[in-house]
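In this note's numbering, the protein residues as written are 3 to 476.
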Ligand code: NAD
């Protein structure tokens with residue numbers, strides 16, 4: 003458990019409580035529900051790595067929560083907070099997340115219990131490669147078995163170490179590139195993966211803000227423009243989400259990192275704040291902004307939309323009552339404890355759950371996996387064909403109307419899709435469609451009073467149906 007002021011809170015139990023609350027609204031028997039909830043396989047390894055002149059024993063995990071669809075899918079995090087329960091909770095969330103966004107994977111998650119800052123890059127590479135060889139030995143990685151991705155504390159670099167280790171141990175696997183996603187482009191990655199989770203957060207909240215009825219109830223206008231936003235965590239997810247909100251005309255009134263928070267009513271520029279942090283080592287003392295030495299206080303400042311994008315349990319019974327946001331977008335996994343959830347729901351806050359909102363990463367990971375299995379870049383086959391067809395159409399329209407489109411219009415109309423266009427459009431469609439599915443369940447299920455329960459119902463219905471169709475061994 004991380005960052006919670008409630009020492010005894012269990013993230014895993016919290017996920018279980020949310021599941022149970024939703025399960026009562028579904029048609030499945032107790033046995034099927036128990037199977038959906040259970041973690042199918044858990045790997046805990048301890049391995050030695052030579053660090054300088056000493057040998058260090060590293061503790062690591064990989065959890066496959068559900069095998070109802072394969073491969074399992076989920077990130078790998080590097081953090082001192084990693085323990086079996088945390089990884090189990092995160093793996094369970096992945097199962098539900100994949101179901102919600104219609105990505106045909108079971109949930110998985112991995113973690114290495116290390117403080118990244120204590121190791122050189124070479125040492126981190128050794129740890130990552132050794133961890134990967136443990137996964138290979140135990141059959142916990144492979145394009146059709148279990149496919150890791152980046153998470154807290156990891157990125158494209160770690161994924162390419164994983165790919166290289168897996169490939170050298172499986173030289174005959176023609177699909178080896180699909181054993182991990184979030185890779186650099188040169189290693190079979192897909193355009194748009196880096197920003198995918200943050201972009202998905204933006205698309206999701208934009209969809210939330212487009213529903214007039216909900217906005218009226220919250221006392222907000224329709225649309226993103228002019229909305230006051232606070233983002234916690236300026237890592238991969240938080241930075242990109244902040245950037246997309248800013249570019250869409252939202253006002254970033256607050257930014258929070260572990261060294262503190264800054265608040266500025268007329269808006270912060272996220273790139274300038276990052277540059278300031280790079281040169282001074284802190285986001286604090288940014289020109290024109292108010293400093294809050296305790297970062298957590300930043301969560302409680304006035305805003306319309308709060309985006310926690312760091313770690314779990316940052317909003318709990320101890321601070322939930324002081325949150326002023328009308329919409330909370332859970333970009334991080336599990337940023338609210340169930341106690342906080344209850345308090346905020348009572349206050350009428352619209353909580354957009356993690357299982358849906360941060361699913362952009364796994365959605366684009368799915369696209370990357372498909373690209374690796376098909377061994378062809380998106381757009382390669384159809385780009386030129388589309389351009390020729392559009393040119394043909396424009397020529398026909400011009401000859402029928404005896405009017406000419408301008409050169410600029412011609413250039414815009416004739417553009418065939420590149421990989422990035424297809425990825426962004428697939429992600430946008432997924433985030434819009436999935437929100438509508440969840441909201442429909444929320445509106446149409448008597449007794450459901452929050453989006454999280456509605457999202458769990460969607461997930462349980464899909465995973466439960468898959469288990470029924472699979473049949474259970476006699
Ligand atoms: P990251 O390591 O890139 O960034 C995390 C950021 O949070 C860092 O900048 C860190 O300094 C900051 N931070 C840590 N503790 C903080 C605190 N107490 N207050 C404020 N800031 C703090 O990680 P990430 O990949 O952006 O992941 C963030 C969250 O999003 C995690 O919960 C992760 O599970 C979830 N998530 C990530 C992805 C993905 O694609 N990366 C996908 C889905 C969910």
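Virtual Cβ for every residue (Gly too), placed ideally from N, Cα, C.
As the structure is a computational prediction, the values presented were derived from the model and not from experiment.
Exercise. Distance, Cα to Cα, residue 444 vs residue 400?
Worked result: What you label residue 444 is simply residue 442 of the chain shown in a count that begins at 1. What you label residue 400 is simply residue 398 of the chain shown in a count that begins at 1. Roughly 49 Å separates the two Cα atoms.
Exercise. How many whole angstroms separate the CB atoms of residue 63 and residue 113, which I take to be in contact at a CB cut-off of 8 Å?
Worked result: Start at 1 with the first residue of the chain shown, and residue 63 comes out as number 61. Start at 1 with the first residue of the chain shown, and residue 113 comes out as number 111. Contact holds; Cβ gap of about 5 Å.
Exercise. Alpha carbon to alpha carbon, how far is residue 454 from residue 426?
Worked result: Locating residue 454 in the chain shown gives position 452, where the first residue counts as 1. Locating residue 426 in the chain shown gives position 424, where the first residue counts as 1. For residue 454 and residue 426, the distance between alpha carbons rounds to 25 Å.
For this session: Take residue 159 as the anchor and find which of 384, 138, 129, 458 has the nearest alpha-carbon.
Result: Here residue 159 refers to the residue found at position 157 of the chain shown. Checked all of 384, 138, 129, 458; the closest Cα to residue 159 is 129.
For this session: Pick out the complete beta strand (DSSP E) segments inside the segment 339-380, 3 residues or longer, and give them in chain order.
Result: 352-354
For this session: Determine the DSSP secondary structure at residue 151, reduced to helix, strand or coil.
Result: Along the chain shown, one-based indexing puts residue 151 at 149. In the structure shown, residue 151 sits in a strand (DSSP, three-state: E or B).
Problem set entry | Bounding residues of the alpha helix (DSSP H) (the contiguous stretch that carries residue 491) | There is simply no residue 491 to check, as the chain begins at 3 and stops at 476 in what is shown.
Problem set entry | Length of the line joining the Cα atoms of residue 452 and residue 398 | Locating residue 452 in the chain shown gives position 450, counting from the first residue. Locating residue 398 in the chain shown gives position 396, counting from the first residue. The straight-line gap from Cα to Cα measures roughly 52 Å.
For this session: Put residue 270 into one of helix, strand or coil per three-state DSSP.
Result: The residue labelled residue 270 in the question sits at position 268 within the chain shown. Three-state DSSP puts residue 270 in coil, outside helix and strand.
Exercise. Relative to the ligand NAD, is the shortest distance from any of its heavy atoms to the C-beta of residue 152 smaller than 7 Å?
Worked result: On the chain shown, residue 152 is found 150 positions in, with the first residue counted as 1. Flag set: Cβ of residue 152 near the ligand NAD.
Exercise. If residue 336 sits next to residue 323, beta carbons under 8 Å apart, how far is it from one beta carbon to the other, in whole angstroms?
Worked result: Taking the first residue of the chain shown as 1, we reach residue 336 at position 334. Taking the first residue of the chain shown as 1, we reach residue 323 at position 321. Incorrect: roughly 19 Å between the Cβ atoms, too far for contact.
Exercise. Do residue 172 and residue 180 come within 8 Å of each other at the CB atom, strictly closer than that value?
Worked result: Here residue 180 refers to the residue found at position 178 when the chain shown is read from its first residue. Here residue 172 refers to the residue found at position 170 when the chain shown is read from its first residue. Cβ distance not < 8 Å, so residue 180 and residue 172 don't count as in contact.
Exercise. Residue 4 to residue 419, Cα distance in whole Å?
Worked result: On the chain shown, position 2 is the one that residue 4 refers to. On the chain shown, position 417 is the one that residue 419 refers to. Confidence at residue 4 is low in this model, with a pLDDT of 43, below 50, so its placement is unreliable and no value can be given for it.
Problem set entry | Strand pairing of residue 61, partner residues [DSSP] | Taking the chain shown and counting its residues from 1, the one referred to as residue 61 is at position 59. In DSSP, residue 61 forms a bridge with 48.
For this session: May I ask you to check if the CB of residue 239 is nearer than 7 Å to at least one heavy atom of the ligand NAD?
Result: Residue mapping note: residue 239 aligns to position 237 of the chain shown, counting from 1. Yes.
For this session: Quick one: using the 10 Å Cβ neighbour count with 16 as the cut-off for buried, is residue 107 buried or exposed?
Result: For the purposes of this step, residue 107 is taken as the residue at position 105 of the chain shown. Buried.
Problem set entry | Segment contact, 8 Å Cβ cut-off, at least three pairs: the segment 365-382 with the segment 342-350 | no
For this session: Could you work out which residue in 359, 286, 261, 291 is closest to residue 270 when comparing CA atoms only?
Result: The residue you call residue 270 lines up with position 268 of the chain shown. Of 359, 286, 261, 291, the residue nearest in Cα terms is 291.
Problem set entry | Outcome for residue 188 when other beta-carbon atoms lying within 10 angstroms are tallied against a minimum of 16 | What you label residue 188 is simply residue 186 of the chain shown in a count that begins at 1. When all chains shown are included, residue 188 counts as exposed.
Exercise. Residue 306: buried (16+ other C-beta within 10 angstroms of its C-beta) or exposed?
Worked result: As a first step, residue 306 must be located in the chain shown, where it is residue number 304. It is buried - the Cβ of residue 306 has at least 16 other Cβ atoms within 10 Å.
Exercise. From this set, 99, 236, 286, which residue's C-alpha is nearest residue 272's C-alpha?
Worked result: Position 270 of the chain shown holds residue 272. The residue with the shortest Cα to Cα distance from residue 272 is 236.
For this session: Tell me whether residue 256 counts as near the ligand NAD, meaning its Cβ is closer than 7 Å to at least one heavy atom of that ligand.
Result: As a position in the chain shown, residue 256 is number 254, starting the count at 1. The answer is no for residue 256.
Problem set entry | residue 363 beta carbon near the ligand NAD (any heavy atom closer than 7 Å) | Here the question's residue 363 lines up with position 361 in the chain shown. Residue 363: yes, Cβ under 7 Å from the ligand NAD.
Exercise. With C-beta atoms as the reference, is residue 333 less than 8 Å away from residue 203?
Worked result: The residue labelled residue 333 in the question sits at position 331 within the chain shown. The residue labelled residue 203 in the question sits at position 201 within the chain shown. It is a contact, given that the beta carbons lie within the stated cut-off.
For this session: May I have the straight-line CA-CA distance separating residue 281 from residue 259, to the nearest angstrom?
Result: As a first step, residue 281 is located in the chain shown; it is residue number 279 there, counting from the start. As a first step, residue 259 is located in the chain shown; it is residue number 257 there, counting from the start. So the alpha carbons of these two residues sit roughly 15 Å apart.
Exercise. Buried or exposed: which applies to residue 405, given that a residue is buried once 16 or more other Cβ atoms fall within 10 Å of its Cβ?
Worked result: By 1-based counting over the chain shown, the position of residue 405 is 403. It is exposed - the Cβ of residue 405 has fewer than 16 other Cβ atoms within 10 Å.
Problem set entry | Exposure label - residue 330; buried when at least 16 CB within 10 Å | Taking the chain shown and counting its residues from 1, the one referred to as residue 330 is at position 328. It counts as buried.
For this session: Could you name the residues of the same chain whose beta carbon sits closer than 8 Å to that of residue 416, not counting the 5 residues immediately before and after it, in chain order?
Result: Within the chain shown, numbered from 1, the residue matching residue 416 stands at position 414. So the list reads 389, 392, 393, 396, once near-sequence residues are dropped.
Exercise. Is residue 98 near the ligand NAD, with its Cβ less than 7 Å from a heavy atom?
Worked result: On the chain shown, residue 98 is found 96 positions in, with the first residue counted as 1. Residue 98: no, Cβ never under 7 Å from the ligand NAD.
Exercise. Which term fits residue 438, buried or exposed, when burial requires 16 or more other beta carbons within 10 angstroms of its beta carbon?
Worked result: Indexing the chain shown from 1 puts residue 438 at position 436. The residue in question, residue 438, is exposed, as its Cβ has fewer than 16 Cβ neighbours within 10 Å.
For this session: Note down, in chain order, each residue of its chain lying with its Cβ closer than 8 Å to the Cβ of residue 49, except the 5 sequence neighbours on either side.
Result: By 1-based counting over the chain shown, the position of residue 49 is 47. These residues qualify, in order along the chain: 59, 60, 62, 132, 133, 136.
For this session: On a CA-only basis, which of 95, 308, 71, 378 is nearest residue 252? Give me that one, please.
Result: Residue numbering aside, residue 252 sits at position 250 when the chain shown is read from its first letter. The candidate whose alpha carbon is nearest that of residue 252 is 308.
For this session: Please indicate yes or no: does the CB of residue 199 lie closer than 7 Å to some heavy atom of the ligand NAD?
Result: Walking along the chain shown from the start, residue 199 turns up at place 197. Residue 199 Cβ: within cutoff of the ligand NAD.
Exercise. DSSP three-state call for residue 263: helix, strand or coil?
Worked result: The sequence position of residue 263 within the chain shown is 261, counting from 1. Strand.
Exercise. Should residue 260 be listed as close to the ligand NAD, given that the test is whether its C-beta is under 7 Å from any heavy atom?
Worked result: By one-based count along the chain shown, residue 260 stands at place 258. Yes - the ligand NAD has a heavy atom lying nearer than 7 Å to the Cβ of residue 260.
Problem set entry | Range covered by the alpha helix (DSSP H) that runs through residue 210 | Taking the first residue of the chain shown as 1, we reach residue 210 at position 208. Start and end: 198-210.
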